[in-house]
Amino acid sequence: MTDNLIELLKREDIPNRPVFAIIGTIGVGKTTLARKVYHKASTMFEKRVWVHVSKDLRHLTMWSGERFCGKRETTEQQALLRTWLQGTKFLLVIDDVWSENVWDGLLEIQAQHGSPGSKVLITTRNERVARRMGAVHRHNVKGLNEDDGWWLLRTRAFLDESNGHMQEIGRRIVQKCNGLPMAIRRIGCHLREVDSREDDWERIYSSDFCGISSTIRSAINMSYLELPYYLKRCFLYCSLYPEGSVIERKHITRQWIAEGFIVPEENIAQRSDTAAEEESEKCYDELLGRGLLLPENETHGSEGSKMPHLFRSFALLQSQDENFIGNPQDIGDFLKPYRLSITTGGVEAIRNGIRKLKSLRTIILCRNPLNDLGDIFLKFSHLRVLDLRDTQIEYVARSLGSMAHLRYLSFANTQVREIPSSIENLRMLQFLILKNCTRLNSLPESLGRLTNLRTLDISGAGLNQVKFRFSMMKELNCLRGFLVSLGDAENRNGWPFEDLRSLNKLRSLKILRLERTLTGEDAKKSALDAKDHLKDLELCCSTDDGTPEISRAAKIKDVFESLKPVPSIVSSYKTIMAMDSHLGLPHPISDN
Numbered sequence: 002m003t004d005n006l007i008e009l010l011k012r013e014d015i016p017n018r019p020v021f022a023i024i025g026t027i028g029v030g031k032t033t034l035a036r037k038v039y040h041k042a043s044t045m046f047e048k049r050v051w052v053h054v055s056k057d058l059r060h061l062t063m064w065s066g067e068r069f070c071g072k073r074e075t076t077e078q079q080a081l082l083r084t085w086l087q088g089t090k091f092l093l094v095i096d097d098v099w100s101e102n103v104w105d106g107l108l109e110i111q112a113q114h115g116s117p118g119s120k121v122l123i124t125t126r127n128e129r130v131a132r133r134m135g136a137v138h139r140h141n142v143k144g145l146n147e148d149d150g151w152w153l154l155r156t157r158a159f160l161d162e163s164n165g166h167m168q169e170i171g172r173r174i175v176q177k178c179n180g181l182p183m184a185i186r187r188i189g190c191h192l193r194e195v196d197s198r199e200d201d202w203e204r205i206y207s208s209d210f211c212g213i214s215s216t217i218r219s220a221i222n223m224s225y226l227e228l229p230y231y232l233k234r235c236f237l238y239c240s241l242y243p244e245g246s247v248i249e250r251k252h253i254t255r256q257w258i259a260e261g262f263i264v265p266e267e268n269i270a271q272r273s274d275t276a277a278e279e280e281s282e283k284c285y286d287e288l289l290g291r292g293l294l295l296p297e298n299e300t301h302g303s304e305g306s307k308m309p310h311l312f313r314s315f316a317l318l319q320s321q322d323e324n325f326i327g328n329p330q331d332i333g334d335f336l337k338p339y340r341l342s343i344t345t346g347g348v349e350a351i352r353n354g355i356r357k358l359k360s361l362r363t364i365i366l367c368r369n370p371l372n373d374l375g376d377i378f379l380k381f382s383h384l385r386v387l388d389l390r391d392t393q394i395e396y397v398a399r400s401l402g403s404m405a406h407l408r409y410l411s412f413a414n415t416q417v418r419e420i421p422s423s424i425e426n427l428r429m430l431q432f433l434i435l436k437n438c439t440r441l442n443s444l445p446e447s448l449g450r451l452t453n454l455r456t457l458d459i460s461g462a463g464l465n466q467v468k469f470r471f472s473m474m475k476e477l478n479c480l481r482g483f484l485v486s487l488g489d490a491e492n493r494n495g496w497p498f499e500d501l502r503s504l505n506k507l508r509s510l511k512i513l514r515l516e517r518t519l520t521g522e523d524a525k526k527s528a529l530d531a532k533d534h535l536k537d538l539e540l541c542c543s544t545d546d547g548t549p550e551i552s553r554a555a556k557i558k559d560v561f562e563s564l565k566p567v568p569s570i571v572s573s574y575k576t577i578m579a580m581d582s583h584l585g586l587p588h589p590i591s592d593n
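2 is the number of the first residue of the sequence shown in this note's numbering; add one for each residue after it.
Set out below in structure tokens:
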């Protein structure tokens, strides 16, 4: 790793005194790597300067070569730098850069005062900072692998190789540290103070690492304090998801909007049509860029991430007055959280545990074994987010309509059989997720009166009858599962294409049962060519209609050409899909 960076610094064919960046999360070893490069490059440059900028950008601490040059006000240090580096081939290392604003004063030095071959190397926790500083090469530092992490832990704990029976628990500790050298070192020091017995190490493993190490907690807190206020709330909200679970981008970003973290409600009407979703996705990317969330591939086709244990542990400590995770019966009399993530307990436990919590804003019951909600809706007039994904719920009471402030409602992957007509009372609802509700056969007419709805996902639902129309849903920007009607729209087995004409804010659209389309002229009524915001289009047809595959593919191609989506959508037919309507499994149609 060090040698690769040294080779890059040796290159003379990169113009304009380039910037190189070492990027990584808290405690991953960015500064350690930069120091190795700095020392190893001693013969490659006439001068080497190491700079550390204070968080308020008011002071610079500098080393020239190996000599400490003191800490002074930024303007004074910049003047010294100009003098030292004028006309020389230099390596300037700027450690722990929090903001691209640090670059403003140093840019002139880098651009005007050094000789050809001069280089700048920065370390930062934030991918965005590196990009904005124009880094030509960005090196992302990952955590230690399990073998190296175990060696470091064993070394710090003063455990010799003869204690091989400790290896299994030791490797689990390394995993819990996410391979971060800083955390492994600190936990190793704690292990040094206990006996080398498995039960003692198990006790340390089961403990809260942020709680037992002020060093770990302080390091994470520095990054947390640097976040803008809205991003702090988004970060803390992620801790509601159970440890190790995948946080899907589309779910968390919608929940942030529903909670009001992204765009204040009084400003939504004045913002662009898709401002809330775009801003929320930027927040998600920012947490990824800072390493506070880690990308996760195993999300069944959806983009997702996981929150590392150390950061989740910190977030739980930081938000303990507002967020509660666990069995609601464990909530004390003095705790009045705004948000609950309930991982265990049936409806009675929930009723008893949250009876007094009148101000709840979020309830997440993801993968909870709950199968009956009873009348708990009556208790939560302030609720904004209700996430019931992957529960065993079958029936939904009419009291659902009593939650007047609800913005986000998900029954995805449940056994729900019917949505009550009282849903029309949820006038503030923005996100309704009914994906893969295979037992849901119909939707009530009253659903069409949800005028603030921004997302409706009914893909994979077992619908054979729909009673509402889209004419009042002008705010919809994501519609997944538009079911093409068979014949006359009065049959109520789907919707005519003309129902899409008025939905001009659509960003994402998934159309099902495309084979029902009689002619390309019918498809033109959707007016997709006028939907400038459309970025994601998926066309699906059934494979069980008895039509030969070649004929079906030709028909879809004809319909696609008649739809005339905006040019930004596709330049080929790669978005066209065939779908088995019974299984809900997509199969791409080749355009070769």
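For every residue, glycine included, the Cβ atom is placed at its ideal position computed from N, Cα and C.
Taking the Cα positions, Leu-366 is about 20 Å away from Gly-261. According to the DSSP assignment, Trp-64 belongs to the beta strand (DSSP E) that extends over 60-65. Counting the other CB atoms within 10 Å of its CB gives Asp-322 a total below 16, which places it among the exposed residues.
Within the same chain, Lys-337, Tyr-339, His-383 come within 8 Å of Ser-360 by CB-CB distance, once the 5 residues on both sides are set aside. Taking one beta carbon from each stretch, the stretch 173-187 and the stretch 286-293 have fewer than 3 pairs nearer than 8 Å; the two do not touch.
As computed with DSSP, Ser-342 is found in a beta bridge with Ile-326, Ile-365. Between the stretch 63-71 and the stretch 27-38 there are fewer than three C-beta pairs closer than 8 Å, too few to call the two in contact.
Assigned with DSSP and collapsed to three states, Arg-126 falls in coil, not helix or strand. Under a 10 Å Cβ-count criterion, Ala-524 is classified as buried, with 16 or more other Cβ atoms of the shown protein chains found around its own Cβ. Under the three-state reduction of DSSP, Val-195 is assigned to coil, being neither helix nor strand.
Assignment of Cys-178 by DSSP, reduced to helix, strand and coil, places it in the coil class.
Taking 8 Å as the cut-off, the Cβ atoms of Asp-458 and Leu-435 count as close. Excluding residues up to 5 positions away in sequence, Val-50 lie with their Cβ nearer than 6 Å to the Cβ of Ser-65 in the same chain. Shown here, Leu-435 sits in coil according to DSSP, grouped into three states, outside any helix or strand. The stretch 294-314 and the stretch 240-259 touch, with three or more beta-carbon pairs separated by less than 8 Å.
Taking a cut-off of 8 Å on C-beta distances, the stretch 395-405 touches the stretch 420-427, as three or more cross pairs fall below it.
Within the stretch 459-530, the complete alpha helix (DSSP H) segments at least 4 residues long are 521-525, listed from N- to C-terminus. Taking every protein chain shown into account, the CB of Leu-226 has fewer than 16 other CB atoms within 10 angstroms, so this residue is exposed.
Taking 8 Å as the cut-off, the beta carbon of Ala-316 is found closer than this to the beta carbon of Phe-236. One Cα belongs to Tyr-285, the other to Val-142, and the distance between them is close to 20 Å. Membership of Phe-210 in the alpha helix (DSSP H) is indicated by the continuous run 210-213. Under DSSP, Val-52 takes part in a beta bridge, and its partners are Met-63, Ile-95. At a Cβ-Cβ threshold of 8 Å, Phe-471 and Leu-444 do not count as neighbours. When the alpha-carbon of Ile-258 is set against those of Asn-179, Arg-172, Arg-362, the nearest one is in Arg-362.
The stretch 90-103 makes contact with the stretch 115-134: 3 or more CB pairs, one atom from each, lie closer than 8 Å.
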